[in-house]
Amino acid sequence: MKLALAQLNFKVADFEANKEKIIAKINIALQNSVDLVIFSELAICGYPPLDLLTREEFISQCISAMDDIAKHCISIGAIIGGPSINPNSSGKQLFNSAWLLYNGKASPVVHKTLLPTYDVFDEYRYFQPNQNFEVLTFKGKRIAITICEDLWDDQPVEAAFSRNRLYTLSPLQKLSALSPDFVVNIAASPFSYHQHEIRRLVNCKKALQYNLPIIYVNQVGANTELIFDGGSMIVGCDGKVFKRLKYFEEDLQFVTTNFGGNNGEVLDKPHETELIHNALVLGLKDYFKKSNLKTATIGLSGGIDSAVTAAIAVESLGNENVLGLLMPSQFSGQHSIIDAQKLAHNLNIKYNIVPINDLYYMFEKALSPIFENRPADVTEENLQARIRGTILMAYSNKFGHILLNTSNKSEAAVGYGTLYGDMNGGISVLGDVYKTHVYKLAEYINRNGDIIPHNTISKPPSAELRPDQKDSDSLPEYNILDEILFRYIELNHGYQQIINDGFDKETVEKTIKLVNSNEYKRFQCPPILRVSGKAFGLGRRMPIVARY
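Spelled out as structure tokens, the structure:
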């Protein structure tokens, strides 16, 4: 049997475009004498559709689109992910299904068993879990079809207070007893910078454990916060990858079910920083494209965060669609203005300068009777940030742009940002990237020559909201802060465990207190492009009002 793996970029609820993409790949597969073409999980509607799944009209459109595509599947078969209606009178309304399209008809043939409800996933909110296990017989082959999490009953974990066996049954164990010839897994597995390796380990372990080849087809593209990196693969029953599809790109590959001739595992292990960079570029590009947006505004401060954000924006959107705004105050160093201008020149983007000195003094004068000559404090610092935020929003509103938020994960974690000021924006590009990794991104962006000015990278980070201010005045050095934050946020380590790792008790206590007390700020952040295993937003749900 000849198979085609179709790794495509779908837009949630864009049935016409999704249908068109699927039919185009089916036609190419037909021209190449393919027997069965395999698409990803919930391909027909895009992933994640969230509460659109509660709308009857939405489900009807999914099923109607399947029927339309089936007309192109006469001699060729297609496996396509999509919702299907649960015919039972009890239980959830829907299944998360793999549909078989063949002989002009579309039928849901397999339903997802393991429904993840952790991190960014909430599938049990919508779907009924499968309880019946059967293999699909198609053109003389017995196929065990699984859907994403169905292979993840036993998975590697790093976080404290976690377990690797999240479920009480293994779908593949059930299916392997039915003597399939190979396994198909259709997936919508979001990107994080270590996820591609974990996926490989999971697929290879299952293939070796059950002595079955696995054809794994993942989604590619981004839908709001979630970025899908593709990386679909074929794993032999020896537990080694012998074919891998592209990362961060659509791809179509053919393979026969004679899975012999494996020459060993493909050693395509891209560097972590490269993966994060490519994910952010794709995430921002798809956010704009799928939202029918075109032009972005960025506040350029001369600092590392705005510089990296601008460079990623240019790569995603084109330099003609990125505009910078410099807003120096009385505390802005001349070098920062020069750095910002040099960056704009290197990126070939247009920029404007709007000094905020006069506006700041006007606010200060207007407020002085109320503040009763109290000494200046963080209020005046926040006032500058909010003046800049207002100017940026006015600028983006007037010209129909989207403001890009430039805050990084370290700042978001400890509340080192101003609500309605530098936390403004339609999408947060670096909100899941720690400050130390922002510098690594800058080095990667400069890999073929200076784009981000050397002084931007080498100077001590500063918000420049008071004379000679440095981030280290208020925060631990970022190389220490980020290590603590990673343990607390990603690894879920507790206070004493982090201290036992060798960190200063007072520093750990201060950091954790800052993280916990600034939940209200993160609740009001723009959507954050997710590149780690534990991003703020959908994947980390903490109470705002709590004593912890």
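The numbering used here numbers the first residue of the sequence shown as -7 and each following residue consecutively. Ideal Cβ placement from N, Cα and C applies to all residues, glycine included. For clarity, every value in this text was computed on a predicted model and none was experimentally measured.
Between L34 and C65, the CB-CB gap reaches or exceeds 8 Å. By the Cβ rule, the stretch 59 to 75 counts as touching the stretch 14 to 22, because three or more pairs are nearer than 8 Å. If only uninterrupted alpha helix (DSSP H) runs of at least 4 residues are considered, those enclosed by the stretch 436 to 484 are 446 to 450 and 470 to 477. Between A336 and R236, the alpha-carbon positions lie close to 38 Å from each other. Sequence-distant partners of D173 (beyond 5 residues in either direction) whose C-beta falls short of 6 Å from its own C-beta, in its chain, are K133 and R134. By the criterion of a C-beta distance shorter than 6 Å, Y512 is surrounded in its chain by I536, once the five residues flanking it on both sides are discounted. Remark: C-beta atoms of Y185 and S524 approach each other more closely than 8 Å. Here DSSP, grouped into helix, strand and coil, assigns G381 to helix. When the beta-carbon positions are compared, K462 and Y426 stay at least 8 Å from each other. Sorting K502, L506 and F528 by C-alpha distance to the C-alpha of R514 places F528 at the top. The DSSP assignment places complete alpha helix (DSSP H) segments of no fewer than 4 residues inside the stretch 148 to 184 at 163 to 168, in order along the chain. Bounds of the beta strand (DSSP E) holding K133 are K133 to I139.
For M225, the uninterrupted beta strand (DSSP E) run begins and ends at M225 to V227, by DSSP. Beta-bridge analysis with DSSP links D146 to R157.
Linking Q376 to Y487 through their CA atoms gives a straight-line distance of about 35 Å.
Secondary-structure assignment with DSSP links G316 through a beta bridge to I290 and Y343. F119 is bridged by DSSP to L86.
In the DSSP assignment, F220 is bridged to P182 and G213.
About 28 Å separates the CB atoms of P262 and G417; that is not less than 8 Å, and the two are not in contact.
DSSP links I30 through a beta bridge to L(-3) and I71. F280 and G407 have their C-alpha atoms roughly 27 Å apart.
Contact between L422 and D297 holds, with the beta-carbon distance rounding to 6 Å and staying under 8 Å. CA-CA distance, L285 to L161, rounds to 45 Å. DSSP places L106 outside both helix and strand once states are collapsed to three, so it counts as coil. In this structure, the beta-carbon distance from C54 to P79 does not fall below 8 Å. A residue is called buried when at least 16 other Cβ atoms come within 10 angstroms of its Cβ; P445 meets this threshold and is buried.
In terms of Cβ geometry, A271 and F246 do not form a close pair [threshold 8 Å]. Rounded to the nearest whole angstrom, the CA to CA distance from I437 to I268 is 12 Å. Contact between L318 and Y353 is absent: CB atoms are separated by about 19 Å, not below the 8 Å threshold. Note that the C-beta distance between L339 and I419 is not below 8 Å. Collapsing the DSSP output to three states places P361 in a helix.
The stretch 445 to 460 makes contact with the stretch 327 to 336: 3 or more CB pairs, one atom from each, lie closer than 8 Å.
If you draw a straight line from the Cα of E456 to the Cα of Y387, it comes to about 22 Å. Look at K505 here: in three-state DSSP terms it is helix. For T301, the enclosing alpha helix (DSSP H) has its first and last residue at I296 to L309. Annotated three-state conformation of V4 is coil, per DSSP.
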